[in-house]
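Enquirer: Below is one structure. I have some questions about it.
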Amino acid sequence: MSSFLSVGLISLSVFLADCTRPSQSAPAAAPDTTLRQTVASPPQVLLPAAAPLQVGAAQFDKYLPLLRGKRVGLVVNQTARVGAAFLVDTLLTKGVAVKVIFGPEHGFRGEAADGATIKDGKDARSGLPALSLYGATKKPTPEMLRDVDVLVFDIQDVGARFYTFISTMHYVMEAAAEQNKEVIILDRPNPNGWYVDGPVLEPKYKTFVGMHPIPVVHGLTVGELAQMINGEKWLAGGRQCRLTVIPVAGYTHATRYALPVRPSPNLPTPHSVDLYPSLCLFEGTDVSVGRGTDRPFELIGAPTQPASRPFSFVPRPNPGSTTPPQNGQRCYGQTLEDVGEIGFTLSYLIDYYNQSTDKAHFFTSGFERLMGTADTRRQIIAGQSEADIRASWEPALGQYKALRKKYLLYPDFN
């Protein structure tokens with residue numbers, strides 16, 4: 051990964067080892083000529099050393115008084131930790147009356163494959179009911195919240211519009227507004243929070259992978275986004291919930307933050323988190339992003355790319371992706387493991403469309419849901435440059451950036 055000059059550089063031990071290495075090879079022929087365009091770079095800010103970073107969940111003095119005498123529902127996954135301890139275990143030892151645990155995509159322990167239906171059950175360690183908010187029920191029902199006074203949300207986000215944890219947060223806030231419950235957001239840093247980029251979602255493409263009129267890279271922490279959702283009355287019926295955000299201490303939007311726990315099974319490294327906003331767009335094409343390999347979101351390739359591409363791999367089922375795209379097919383492409391580029395770019399998408407041997411089937415029906423607009427597919431097919439496509443994102447992107455400033459909780463250097 052690149053090194054960064056920033057406020058409060060956080061060096062943390064990162065991630066577990068991933069799954070079985072697939073069959074892969076690196077042909078000697080054909081150097082990699084793929085365009086690598088740096089669209090954005092981290093702000094180079096020299097300021098006095100910031101206070102040690104402390105996530106919202108670690109600031110017990112700020113929120114334990116708010117939980118005293120109340121029945122608590124936790125909306126958490128494996129990232130909800132204070133140090134090495136799960137938040138649910140810590141709160142129980144502190145006498146908090148936790149009544150139920152709600153889990154998002156991948157489940158409470160974060161072990162389910164992408165898209166897998168999560169079933170209700172019981173947390174073996176605490177004995178508490180563990181209810182799914184991913185599957186048939188995405189919004190807590192009145193029955194689910196019957197014994198709850200306040201909902202505490204503590205889930206690590208990665209700053210991309212299509213990462214579904216923010217959609218879960220939306221529905222939690224919406225249910226709370228409808229059922230007169232409180233919501234407390236224990237904020238965490240956004241590893242892609244130092245920039246804003248991409249087209250703003252058009253209303254007709256609103257789905258669970260894009261619920262708000264925000265760009266692909268929204269540049270907000272979950273606490274800031276929750277304030278925007280509430281303040282702009284984006285909940286159903288224009289309702290607003292009773293919302294409290296516990297900010298991260300010592301954080302700014304220039305802070306580069308390496309996640310101490312992988313946020314989901316297929317984002318195993320800091321570099322994959324950096325590349326995710328750009329590479330996730332390939333999920334709406336025939337190109338594999340390395341699901342079913344040991345380097346998801348650090349590889350791209352497809353059977354319909356030229357065999358002269360500098361790298362190839364074969365996706366195989368693994369715990370993080372039981373039915374990976376292009377399963378068992380040799381995919382020709384490249385590894386981005388050592389690419390220093392960060393920031394949101396269309397350069398890979400444009401290049402892989404131009405080199406596809408089956409352009410008619412390159413894009414799938416899901417592309418617009420991820421991109422948030424129908425324009426980009428048409429523009430790429432028409433041969434427009436990235437610069438021209440980017441120009442079409444204005445003025446909506448500029449208007450969003452102005453709106454964003456109203457809800458910032460941390461110093462910003464954009």
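Residues in the sequence shown are numbered from 51 upward in steps of one, following this note's numbering. Where is the CB? At the ideal position from N, CA and C, for every residue including glycine. A quick note: this is a predicted structure, and the numbers were derived from the prediction, not measured.
Does the separation of the CB atoms of glutamine 206 and asparagine 316 fall below 9 Å?
Expert: Within the sequence shown, residue 206 is the residue found at index 156, counting from 1. Within the sequence shown, residue 316 is the residue found at index 266, counting from 1. In this structure, asparagine 316 does not lie closer than 9 Å to glutamine 206 by Cβ.
Enquirer: Does the separation of the CB atoms of phenylalanine 394 and valine 267 fall below 9 Å?
Expert: Within the sequence shown, the letter at position 344 stands for residue 394. Within the sequence shown, the letter at position 217 stands for residue 267. Yes, these two residues count as a Cβ contact at 9 Å.
Enquirer: State the DSSP-derived secondary structure class of tyrosine 255, mapped to helix, strand or coil.
Expert: On the sequence shown, position 205 is the one that residue 255 refers to. The answer is helix: DSSP assigns tyrosine 255 an H, G or I state.
Enquirer: What is the DSSP secondary structure of proline 365, counted as helix, strand or coil?
Expert: Taking the first residue of the sequence shown as 1, we reach residue 365 at position 315. Reduced to three states, the DSSP call for proline 365 is coil.
Enquirer: Along the chain, where does the beta strand (DSSP E) containing glutamate 232 start, and where does it finish?
Expert: Within the sequence shown, the letter at position 182 stands for residue 232. Counting along the chain, the beta strand (DSSP E) containing glutamate 232 begins and ends at 232–236.
Enquirer: Buried or exposed: leucine 114, going by 16 or more other Cβ atoms within 10 Å of its Cβ?
Expert: On the sequence shown, residue 114 is found 64 positions in, with the first residue counted as 1. Exposed, by the Cβ-count rule.
Enquirer: As a quick exercise: from Phe152, Ile431, His220, Arg175, pick the residue whose alpha carbon is nearest that of threonine 143.
Expert: On the sequence shown, position 93 is the one that residue 143 refers to. Looking at the Cα atoms, Arg175 is the closest of the given residues.
Enquirer: Relative to the C-alpha of glutamate 387, which residue among Gly340, Ile439, Gly248 is closest?
Expert: To locate residue 387, count along the sequence shown from 1; it is residue 337. Checked all of Gly340, Ile439, Gly248; the closest Cα to glutamate 387 is Gly340.
Enquirer: Could you tell me the boundaries of the beta strand (DSSP E) in which methionine 382 lies?
Expert: Position 332 of the sequence shown, counting from 1, holds the residue named residue 382. As written in the sequence, residue 382 is tyrosine, which differs from the methionine given in the question. That run of the beta strand (DSSP E) goes 381–385.
Enquirer: For the alpha helix (DSSP H) that contains arginine 427, what are its first and last residues?
Expert: Here residue 427 corresponds to residue number 377 of the sequence shown, with the count starting at 1. It spans 425–431 - the alpha helix (DSSP H) in which arginine 427 sits, taken as one unbroken run.
Enquirer: Quick one: Cα of arginine 118 to Cα of glutamate 232, how far?
Expert: One-based indexing of the sequence shown puts residue 118 at position 68. One-based indexing of the sequence shown puts residue 232 at position 182. The straight-line gap from Cα to Cα measures roughly 13 Å.
Enquirer: Give a yes or no on whether the C-beta atoms belonging to valine 132 and threonine 140 are separated by under 9 Å.
Expert: Counting from 1 along the sequence shown, the entry for residue 132 is found at position 82. Counting from 1 along the sequence shown, the entry for residue 140 is found at position 90. Contact flag set, yes.
Enquirer: Expressed to the nearest angstrom, what Euclidean distance is found between the alpha-carbon atoms of proline 365 and glycine 390?
Expert: Residue mapping note: residue 365 aligns to position 315 of the sequence shown, counting from 1. Residue mapping note: residue 390 aligns to position 340 of the sequence shown, counting from 1. Taking the straight line from one Cα to the other gives about 24 Å.
Enquirer: Tell me whether arginine 440 sits in a helix, a strand or coil according to DSSP, three-state version.
Expert: Residue numbering aside, residue 440 sits at position 390 when the sequence shown is read from its first letter. Arginine 440: helix per DSSP, three-state reduction.
Enquirer: What does a CB cutoff of less than 7 Å around serine 406 pick up in its chain, not counting 5 residues either side in sequence?
Expert: Against the sequence shown, residue 406 aligns to sequence position 356. Closer than 7 Å at the Cβ level, and outside the excluded window around serine 406, lie Thr354, Gln355, Phe412.
Enquirer: Return the CA-CA distance between asparagine 240 and leucine 309, expressed in angstroms with no decimal places.
Expert: As a position in the sequence shown, residue 240 is number 190, starting the count at 1. As a position in the sequence shown, residue 309 is number 259, starting the count at 1. Spanning the two alpha carbons is a distance of roughly 9 Å.
Enquirer: DSSP three-state label for threonine 407, please.
Expert: Counting from one through the sequence shown, the residue named residue 407 turns up at place 357. Coil at threonine 407, not helix or strand.
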